[in-house]
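Just so we're aligned, residue 249 is where the sequence shown starts under my numbering, counting upward by one.
C-beta atoms are modelled at their ideal positions from N, C-alpha and C, and glycine is treated no differently.
These notes are about the structure you will find just below.
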Amino acid sequence: MKIQFSHLNQSFSQVFPRFSAVEPKPAGIGAPMIVDSLDLKALPPGRHHFWLNLLPNVMGGRTQVPVMVLKGKERGPVIGLTSAVHGNELNGIPVIGEIFDKIQPENLKGTILAVPVMNIRGFMQNHRMFENQGTTQGKADLNRLMSGSLKGEVEEAEFYAKALTDKIVKQCDYIFDLHGLGFMGKMKSYIIADGKHPIAWKMAQACRPEYICETSDMQRIGNLRSEGVKMGIPTVTFEIGGSPHAFEYKEIEKAKHGLLNAFFTMGWTKTNLADLKLISSKTKVIGSYAGNHTHNDGGLVELKTKLGDVVAKGQLIGHLRDVFWQPIKTLYAKEPGEVIAVASNPVKAPGGGVIYVSEPKREIAHDINHGANSSERVSGGVG
(Lines of atoms letter the chains of each structure in order from A and count residues from 1; the text may use other names and numbers.)
(Lines give C-alpha, C1' and ligand atoms only; values in the text may rest on other atoms or scores of the structure.)
Protein backbone atom coordinates (compact mmCIF):
# COMPACT_ATOMS: atom_id res chain seq x y z
CA MET A 1 0.00 0.00 0.00
CA LYS A 2 1.36 3.41 -1.00
CA ILE A 3 0.79 6.24 1.48
CA GLN A 4 0.37 9.73 0.07
CA PHE A 5 1.08 12.77 2.18
CA SER A 6 -0.61 16.14 1.85
CA HIS A 7 0.94 19.60 2.11
CA LEU A 8 -0.22 19.59 5.73
CA ASN A 9 1.96 16.55 6.37
CA GLN A 10 4.91 18.29 4.76
CA SER A 11 4.41 21.36 6.91
CA PHE A 12 4.09 19.11 9.96
CA SER A 13 7.36 17.42 9.10
CA GLN A 14 9.23 20.71 9.36
CA VAL A 15 7.95 21.30 12.88
CA PHE A 16 8.21 17.68 14.05
CA PRO A 17 10.84 16.09 11.77
CA ARG A 18 11.40 13.11 14.07
CA PHE A 19 7.74 12.09 13.68
CA SER A 20 7.12 12.41 9.95
CA ALA A 21 7.92 10.17 7.00
CA VAL A 22 8.04 13.18 4.68
CA GLU A 23 11.21 15.13 3.96
CA PRO A 24 10.47 18.86 3.64
CA LYS A 25 10.83 20.16 0.11
CA PRO A 26 13.52 22.77 -0.51
CA ALA A 27 12.09 26.26 -0.97
CA GLY A 28 13.74 29.63 -1.23
CA ILE A 29 17.23 29.29 0.22
CA GLY A 30 16.67 25.59 0.90
CA ALA A 31 15.06 23.48 3.58
CA PRO A 32 16.20 24.27 7.14
CA MET A 33 18.87 21.95 8.52
CA ILE A 34 18.22 20.16 11.81
CA VAL A 35 21.11 20.74 14.20
CA ASP A 36 21.96 20.16 17.86
CA SER A 37 24.19 23.23 18.09
CA LEU A 38 25.26 26.25 16.05
CA ASP A 39 28.84 26.74 14.89
CA LEU A 40 28.65 30.27 13.50
CA LYS A 41 32.36 30.44 12.65
CA ALA A 42 32.10 27.43 10.35
CA LEU A 43 29.27 28.90 8.26
CA PRO A 44 30.06 30.58 4.94
CA PRO A 45 28.80 34.12 4.28
CA GLY A 46 25.11 34.21 3.39
CA ARG A 47 21.72 33.32 4.80
CA HIS A 48 21.08 30.05 6.64
CA HIS A 49 17.97 28.53 8.27
CA PHE A 50 17.96 25.85 10.97
CA TRP A 51 15.74 23.87 13.29
CA LEU A 52 17.75 23.86 16.52
CA ASN A 53 17.17 20.95 18.90
CA LEU A 54 16.78 22.28 22.44
CA LEU A 55 15.77 19.41 24.69
CA PRO A 56 13.81 16.14 24.72
CA ASN A 57 10.01 16.22 24.64
CA VAL A 58 7.30 13.93 26.00
CA MET A 59 7.28 11.86 22.79
CA GLY A 60 10.96 11.03 23.09
CA GLY A 61 11.85 13.36 20.23
CA ARG A 62 13.26 16.88 20.38
CA THR A 63 11.69 20.26 20.97
CA GLN A 64 13.05 22.64 18.35
CA VAL A 65 13.17 26.38 17.66
CA PRO A 66 13.62 28.09 14.28
CA VAL A 67 16.95 29.88 13.84
CA MET A 68 18.02 32.29 11.10
CA VAL A 69 21.64 33.28 10.52
CA LEU A 70 22.89 36.01 8.20
CA LYS A 71 26.66 36.00 7.99
CA GLY A 72 28.42 38.99 6.50
CA LYS A 73 31.44 38.89 4.24
CA GLU A 74 33.42 40.91 6.77
CA ARG A 75 34.19 39.91 10.34
CA GLY A 76 32.33 41.56 13.15
CA PRO A 77 30.13 40.94 16.20
CA VAL A 78 27.20 38.58 16.58
CA ILE A 79 23.98 40.61 16.78
CA GLY A 80 21.06 38.73 18.31
CA LEU A 81 17.44 39.30 17.29
CA THR A 82 14.96 37.37 19.42
CA SER A 83 11.17 37.41 19.15
CA ALA A 84 8.09 35.82 20.68
CA VAL A 85 9.56 34.97 24.08
CA HIS A 86 5.89 35.53 24.85
CA GLY A 87 4.15 33.28 22.35
CA ASN A 88 1.32 35.63 21.35
CA GLU A 89 3.52 38.69 20.66
CA LEU A 90 3.99 38.32 16.92
CA ASN A 91 5.17 41.65 15.47
CA GLY A 92 8.84 40.77 15.84
CA ILE A 93 8.58 37.81 13.45
CA PRO A 94 8.05 39.82 10.23
CA VAL A 95 10.50 42.47 11.48
CA ILE A 96 13.23 39.82 11.59
CA GLY A 97 12.22 38.36 8.23
CA GLU A 98 12.25 41.75 6.49
CA ILE A 99 15.61 42.69 7.99
CA PHE A 100 17.06 39.45 6.61
CA ASP A 101 15.55 40.27 3.22
CA LYS A 102 16.97 43.79 3.28
CA ILE A 103 20.56 43.30 4.44
CA GLN A 104 22.96 41.61 2.02
CA PRO A 105 26.13 39.80 3.20
CA GLU A 106 28.25 42.36 1.30
CA ASN A 107 26.83 45.15 3.48
CA LEU A 108 27.10 43.33 6.82
CA LYS A 109 30.10 43.41 9.14
CA GLY A 110 29.47 40.48 11.45
CA THR A 111 26.67 37.95 11.89
CA ILE A 112 22.98 38.27 12.71
CA LEU A 113 21.72 35.38 14.85
CA ALA A 114 17.92 35.46 14.98
CA VAL A 115 15.25 33.33 16.65
CA PRO A 116 11.86 34.47 15.29
CA VAL A 117 9.98 32.32 17.83
CA MET A 118 11.70 31.75 21.16
CA ASN A 119 8.62 30.32 22.90
CA ILE A 120 7.62 27.65 20.41
CA ARG A 121 5.13 26.05 22.82
CA GLY A 122 3.28 29.29 23.54
CA PHE A 123 3.35 30.26 19.86
CA MET A 124 1.73 27.02 18.74
CA GLN A 125 -0.95 27.38 21.42
CA ASN A 126 -1.56 31.10 20.69
CA HIS A 127 -0.61 31.86 24.27
CA ARG A 128 1.75 34.24 26.04
CA MET A 129 3.13 31.61 28.40
CA PHE A 130 5.14 28.40 28.04
CA GLU A 131 3.12 25.36 29.11
CA ASN A 132 5.04 22.70 31.01
CA GLN A 133 4.10 19.20 29.83
CA GLY A 134 3.64 16.28 32.17
CA THR A 135 4.17 18.39 35.31
CA THR A 136 2.08 20.07 37.98
CA GLN A 137 3.37 23.61 37.42
CA GLY A 138 1.20 24.54 34.43
CA LYS A 139 2.24 27.66 32.52
CA ALA A 140 5.44 29.65 33.04
CA ASP A 141 6.69 33.03 31.82
CA LEU A 142 9.94 32.35 29.94
CA ASN A 143 10.97 35.97 30.38
CA ARG A 144 11.32 35.36 34.10
CA LEU A 145 13.57 32.31 33.63
CA MET A 146 16.39 33.50 31.35
CA SER A 147 19.12 33.53 33.98
CA GLY A 148 20.53 30.31 32.55
CA SER A 149 20.61 28.64 35.96
CA LEU A 150 18.66 25.73 37.41
CA LYS A 151 17.64 26.18 41.03
CA GLY A 152 15.19 24.50 43.35
CA GLU A 153 12.39 22.33 41.96
CA VAL A 154 13.09 22.52 38.22
CA GLU A 155 10.34 22.11 35.61
CA GLU A 156 10.47 21.81 31.81
CA ALA A 157 10.31 25.59 31.29
CA GLU A 158 13.54 26.08 33.28
CA PHE A 159 15.36 23.48 31.17
CA TYR A 160 13.97 25.09 28.00
CA ALA A 161 15.07 28.59 29.08
CA LYS A 162 18.54 27.33 30.03
CA ALA A 163 18.92 25.67 26.62
CA LEU A 164 17.96 28.95 24.91
CA THR A 165 20.48 30.80 27.06
CA ASP A 166 23.30 28.33 26.43
CA LYS A 167 22.70 27.77 22.71
CA ILE A 168 21.57 31.24 21.59
CA VAL A 169 22.01 34.07 24.11
CA LYS A 170 25.61 33.32 25.06
CA GLN A 171 26.68 33.36 21.39
CA CYS A 172 25.62 37.00 21.01
CA ASP A 173 27.61 40.20 21.52
CA TYR A 174 24.47 42.39 21.37
CA ILE A 175 20.75 41.54 21.58
CA PHE A 176 17.51 43.24 20.53
CA ASP A 177 14.66 41.32 22.20
CA LEU A 178 11.45 42.02 20.26
CA HIS A 179 8.14 42.03 22.14
CA GLY A 180 4.69 43.66 22.13
CA LEU A 181 2.49 44.52 25.09
CA GLY A 182 0.30 41.52 24.36
CA PHE A 183 -2.22 41.95 27.17
CA MET A 184 -3.55 45.46 26.34
CA GLY A 185 -4.43 45.92 22.69
CA LYS A 186 -3.17 49.29 21.44
CA MET A 187 0.23 50.64 22.45
CA LYS A 188 2.86 53.15 21.44
CA SER A 189 6.01 51.25 20.51
CA TYR A 190 8.92 51.87 22.84
CA ILE A 191 12.30 50.47 23.86
CA ILE A 192 13.31 49.52 27.39
CA ALA A 193 17.00 50.07 28.14
CA ASP A 194 19.33 50.47 31.10
CA GLY A 195 20.13 54.18 31.24
CA LYS A 196 23.39 53.47 33.09
CA HIS A 197 24.68 51.10 30.39
CA PRO A 198 26.21 53.31 27.67
CA ILE A 199 26.18 50.71 24.89
CA ALA A 200 22.63 49.50 25.55
CA TRP A 201 21.52 53.13 25.76
CA LYS A 202 23.18 53.88 22.41
CA MET A 203 21.45 50.87 20.85
CA ALA A 204 18.08 52.13 22.09
CA GLN A 205 18.62 55.69 20.85
CA ALA A 206 19.84 54.47 17.47
CA CYS A 207 16.47 52.80 16.81
CA ARG A 208 14.81 56.23 17.12
CA PRO A 209 11.65 55.03 18.84
CA GLU A 210 8.97 57.45 19.92
CA TYR A 211 9.71 56.50 23.55
CA ILE A 212 12.54 54.93 25.54
CA CYS A 213 11.68 53.58 28.97
CA GLU A 214 14.77 54.14 31.12
CA THR A 215 15.36 51.40 33.66
CA SER A 216 18.07 49.77 35.75
CA ASP A 217 18.59 46.11 34.89
CA MET A 218 21.03 44.90 37.53
CA GLN A 219 18.28 44.31 40.11
CA ARG A 220 15.93 42.31 37.90
CA ILE A 221 16.06 38.52 37.80
CA GLY A 222 15.19 36.24 34.88
CA ASN A 223 14.36 38.90 32.28
CA LEU A 224 16.27 38.35 29.01
CA ARG A 225 17.29 42.00 28.84
CA SER A 226 18.56 42.20 32.40
CA GLU A 227 20.25 38.79 32.29
CA GLY A 228 21.95 39.70 29.02
CA VAL A 229 23.35 42.87 30.59
CA LYS A 230 24.60 40.86 33.58
CA MET A 231 26.38 38.46 31.20
CA GLY A 232 28.15 41.40 29.56
CA ILE A 233 25.86 41.38 26.50
CA PRO A 234 24.26 44.81 25.86
CA THR A 235 20.57 43.98 25.51
CA VAL A 236 17.44 46.08 24.98
CA THR A 237 13.75 45.22 24.80
CA PHE A 238 11.83 46.57 21.80
CA GLU A 239 8.08 46.64 22.52
CA ILE A 240 6.48 46.71 19.05
CA GLY A 241 2.78 47.52 19.23
CA GLY A 242 0.32 46.02 21.66
CA SER A 243 -2.16 43.73 19.91
CA PRO A 244 -1.76 40.02 20.67
CA HIS A 245 -2.37 37.47 17.89
CA ALA A 246 -2.00 40.17 15.21
CA PHE A 247 0.44 41.87 12.85
CA GLU A 248 0.44 45.66 13.20
CA TYR A 249 2.03 46.63 9.91
CA LYS A 250 2.64 50.31 10.66
CA GLU A 251 4.51 49.42 13.86
CA ILE A 252 6.36 46.59 12.11
CA GLU A 253 7.59 48.98 9.41
CA LYS A 254 8.77 51.57 11.94
CA ALA A 255 10.56 48.93 14.00
CA LYS A 256 12.28 47.50 10.92
CA HIS A 257 13.65 50.86 9.86
CA GLY A 258 14.59 51.72 13.43
CA LEU A 259 16.66 48.55 13.68
CA LEU A 260 18.23 49.15 10.27
CA ASN A 261 19.25 52.61 11.47
CA ALA A 262 20.71 51.06 14.62
CA PHE A 263 22.73 48.58 12.56
CA PHE A 264 24.30 51.46 10.66
CA THR A 265 24.80 53.66 13.72
CA MET A 266 26.52 50.85 15.61
CA GLY A 267 28.82 50.16 12.65
CA TRP A 268 27.39 46.77 11.71
CA THR A 269 26.35 47.73 8.18
CA LYS A 270 28.39 49.74 5.69
CA THR A 271 25.44 51.75 4.38
CA ASN A 272 22.25 52.90 6.07
CA LEU A 273 19.28 50.97 4.68
CA ALA A 274 16.73 52.76 6.88
CA ASP A 275 14.16 55.23 5.60
CA LEU A 276 14.68 58.00 8.16
CA LYS A 277 11.30 59.54 7.30
CA LEU A 278 9.58 56.50 8.81
CA ILE A 279 11.23 56.75 12.25
CA SER A 280 10.99 59.43 14.91
CA SER A 281 12.90 62.71 14.73
CA LYS A 282 12.75 62.89 18.52
CA THR A 283 12.51 60.37 21.34
CA LYS A 284 10.81 60.95 24.67
CA VAL A 285 12.48 59.35 27.68
CA ILE A 286 10.03 57.95 30.21
CA GLY A 287 10.48 56.17 33.52
CA SER A 288 7.93 53.87 35.06
CA TYR A 289 4.36 54.08 33.81
CA ALA A 290 1.16 54.13 35.84
CA GLY A 291 -1.70 51.79 35.05
CA ASN A 292 -5.37 52.55 35.52
CA HIS A 293 -7.36 49.45 36.44
CA THR A 294 -10.94 48.60 37.32
CA HIS A 295 -9.83 47.54 40.84
CA ASN A 296 -12.60 45.60 42.63
CA ASP A 297 -15.20 46.19 39.92
CA GLY A 298 -15.87 44.52 36.60
CA GLY A 299 -17.94 45.49 33.60
CA LEU A 300 -17.68 47.22 30.24
CA VAL A 301 -15.25 50.12 29.83
CA GLU A 302 -16.43 53.13 27.83
CA LEU A 303 -13.16 54.97 27.16
CA LYS A 304 -13.10 58.75 26.80
CA THR A 305 -9.40 58.98 25.94
CA LYS A 306 -7.22 57.56 23.18
CA LEU A 307 -3.65 56.55 22.50
CA GLY A 308 -1.28 59.53 22.54
CA ASP A 309 -3.56 61.84 24.54
CA VAL A 310 -2.05 63.96 27.31
CA VAL A 311 -4.02 63.63 30.55
CA ALA A 312 -3.85 65.42 33.88
CA LYS A 313 -4.05 63.65 37.23
CA GLY A 314 -7.71 63.20 38.13
CA GLN A 315 -8.92 63.77 34.56
CA LEU A 316 -11.91 61.72 33.43
CA ILE A 317 -10.76 58.87 31.19
CA GLY A 318 -13.91 56.75 30.93
CA HIS A 319 -16.86 55.02 32.53
CA LEU A 320 -17.41 51.47 33.75
CA ARG A 321 -20.90 50.15 32.92
CA ASP A 322 -22.82 46.93 33.40
CA VAL A 323 -24.43 44.91 30.59
CA PHE A 324 -27.65 46.94 31.01
CA TRP A 325 -25.46 49.99 30.18
CA GLN A 326 -26.01 51.39 33.64
CA PRO A 327 -23.08 53.24 35.27
CA ILE A 328 -20.97 51.42 37.84
CA LYS A 329 -18.33 54.10 38.37
CA THR A 330 -16.37 56.85 36.65
CA LEU A 331 -12.69 56.26 35.88
CA TYR A 332 -10.07 58.98 36.45
CA ALA A 333 -6.37 59.19 35.59
CA LYS A 334 -4.21 58.22 38.56
CA GLU A 335 -1.18 60.14 37.27
CA PRO A 336 -0.46 62.82 34.66
CA GLY A 337 1.28 62.02 31.40
CA GLU A 338 0.88 60.67 27.89
CA VAL A 339 -1.35 57.69 27.20
CA ILE A 340 1.02 55.01 25.88
CA ALA A 341 -1.35 52.01 25.99
CA VAL A 342 -5.11 51.49 25.94
CA ALA A 343 -7.20 48.34 26.26
CA SER A 344 -8.91 47.31 23.03
CA ASN A 345 -11.19 44.80 24.77
CA PRO A 346 -13.86 46.68 26.78
CA VAL A 347 -14.84 43.60 28.81
CA LYS A 348 -13.05 43.82 32.16
CA ALA A 349 -12.97 41.59 35.21
CA PRO A 350 -11.91 43.10 38.55
CA GLY A 351 -8.34 44.37 38.25
CA GLY A 352 -8.48 44.68 34.45
CA GLY A 353 -6.16 47.21 32.82
CA VAL A 354 -7.72 50.23 31.10
CA ILE A 355 -4.87 52.60 30.14
CA TYR A 356 -1.19 53.11 30.89
CA VAL A 357 0.19 56.63 31.31
CA SER A 358 3.76 57.93 31.58
CA GLU A 359 5.18 61.44 31.91
CA PRO A 360 8.28 62.10 29.75
CA LYS A 361 11.36 63.11 31.74
CA ARG A 362 13.36 64.52 28.86
CA GLU A 363 13.64 64.47 25.09
CA ILE A 364 16.29 63.30 22.62
CA ALA A 365 16.47 65.17 19.31
CA HIS A 366 17.78 63.26 16.29
CA ASP A 367 19.44 64.59 13.15
CA ILE A 368 16.71 64.03 10.57
CA ASN A 369 19.20 63.81 7.71
CA HIS A 370 21.75 61.44 9.24
CA GLY A 371 21.23 58.18 11.04
CA ALA A 372 24.09 58.27 13.49
CA ASN A 373 23.77 61.58 15.36
CA SER A 374 21.51 62.63 18.22
CA SER A 375 21.53 65.01 21.14
CA GLU A 376 19.67 64.90 24.43
CA ARG A 377 17.83 67.75 26.06
CA VAL A 378 15.53 68.16 29.07
CA SER A 379 11.84 68.42 28.27
CA GLY A 380 9.45 70.78 29.94
CA GLY A 381 7.32 67.83 30.94
CA VAL A 382 3.64 67.11 30.50
CA GLY A 383 0.83 68.42 32.54
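Item: Sufficient close CB pairs (3 or more, under 8 angstroms) joining the segment 435–446 to the segment 514–523; Value: no
Item: Start-to-end residues for the alpha helix (DSSP H) that takes in Phe512; Value: Tyr497 to Thr513
Item: Reduced DSSP category for Lys632 - H, G, I as helix; E, B as strand; rest coil; Value: This structure cannot settle anything about residue 632, because the visible part of the chain is limited to 249 through 631.
Item: Ser397 to Ile576 span [Cα, whole Å]; Value: 47 angstroms
Item: 6 angstroms Cβ shell around Asp523 - same chain, five flanking residues per side excluded; Value: His505
Item: Inter-residue spacing [alpha-carbon to alpha-carbon] between Tyr580 and Ile360; Value: 46 angstroms
Item: Residues near Arg569 by beta carbon distance below 7 angstroms, same chain, minus five either side; Value: Gly547, Leu548, Glu550, Pro575 and Ile576
Item: Leu508 and Leu521 closer than 7 angstroms at C-beta; Value: yes
Item: C-alpha distance - Ala238 paired with Asn471, whole-angstrom precision; Value: Residue 238 is absent from the model: the chain starts at 249 and stops at 631.
Item: Assumed close pair Leu291, Val313 - CB separation to whole angstroms, cut-off 8 angstroms; Value: So it is not a contact: roughly 18 angstroms between Cβ atoms.
Item: For Ala613, three-class secondary structure by DSSP; Value: strand
Item: Residues of its chain near Pro304, where Cβ-Cβ distance is below 8 angstroms and the 5 sequence neighbours each way are ignored; Value: Arg310 and Thr311
Item: Closest by C-alpha distance to Leu300, when choosing among Pro342, Gly358 and Ile368; Value: Ile368
Item: Beta-carbon separation (whole angstroms), Val335 vs Phe371, contact threshold 8 angstroms; Value: For the record, residue 335 in the displayed sequence is Gly; it is not Val. About 4 angstroms; that satisfies the 8 angstroms criterion.
Item: Residue burial classification, Leu302 (beta-carbon count within 10 angstroms, cutoff 16); Value: buried
Item: Residues bridged to Trp487 [DSSP beta-bridge criterion]; Value: Correcting the residue identity first, residue 487 is Glu in this sequence and not Trp. In the DSSP output, where bridge partners are listed per residue, Glu487 has His427 and Tyr438.
Item: Nearest to Val587 (by Cα), restricted to the options Thr578, Ser536, Asp545 and Trp573; Value: Ser536
Item: Beta carbon of Tyr438 nearer than 7 angstroms to that of Tyr459; Value: yes
Item: Touch test, the segment 472–480 against the segment 488–498, Cβ-Cβ under 8 angstroms, three pairs minimum; Value: no
Item: Element boundaries [beta strand (DSSP E), containing Gly278]; Value: No beta strand (DSSP E) contains Gly278, which DSSP labels as neither H nor E.
Item: Residue range of the beta strand (DSSP E) that includes Ile576; Value: Pro575 to Tyr580
Item: Coarse secondary structure for Leu300, derived from DSSP in three states; Value: strand
Item: Nearest-angstrom Cα separation, counted from Arg473 out to Lys321; Value: 29 angstroms
Item: Whole-angstrom C-beta distance between Thr483 and Ala448, which should lie under 8 angstroms; Value: 6 angstroms
Item: First through last residue of the alpha helix (DSSP H) which encompasses Pro446; Value: Pro446 to Ala454
Item: Given Tyr604 as reference, the closest of Ile565, Ile612 and Asp615 once Cα atoms are compared; Value: Ile565
Item: Endpoints, alpha helix (DSSP H) assigned at Val343; Value: Gly340 to Lys350
Item: Spatial neighbours of Arg323 in its chain, beta-carbon cut-off 8 angstroms, leaving aside the 5 residues before and after; Value: Lys357 and Gly358
Item: Start and end residues, alpha helix (DSSP H) containing Glu475; Value: Leu472 to Lys478
Item: From Ala454, Ile440, Lys450 and Met435, residue whose alpha carbon lies closest to that of Ser464; Value: Ile440
Item: Short Cβ contact (7 angstroms threshold) for Asn540 with Lys582; Value: yes
Item: Whole-angstrom distance between Glu499 and Tyr408, CA atom to CA atom; Value: 30 angstroms
Item: Same chain, Cβ closer than 8 angstroms to Pro598, neighbours up to 5 away in sequence not counted; Value: Thr542, His543, Asn544, Asp545 and Gly546
Item: Range of the contiguous beta strand (DSSP E) that encloses Met366; Value: Note, Met366: premise wrong, no beta strand (DSSP E); not H, not E.
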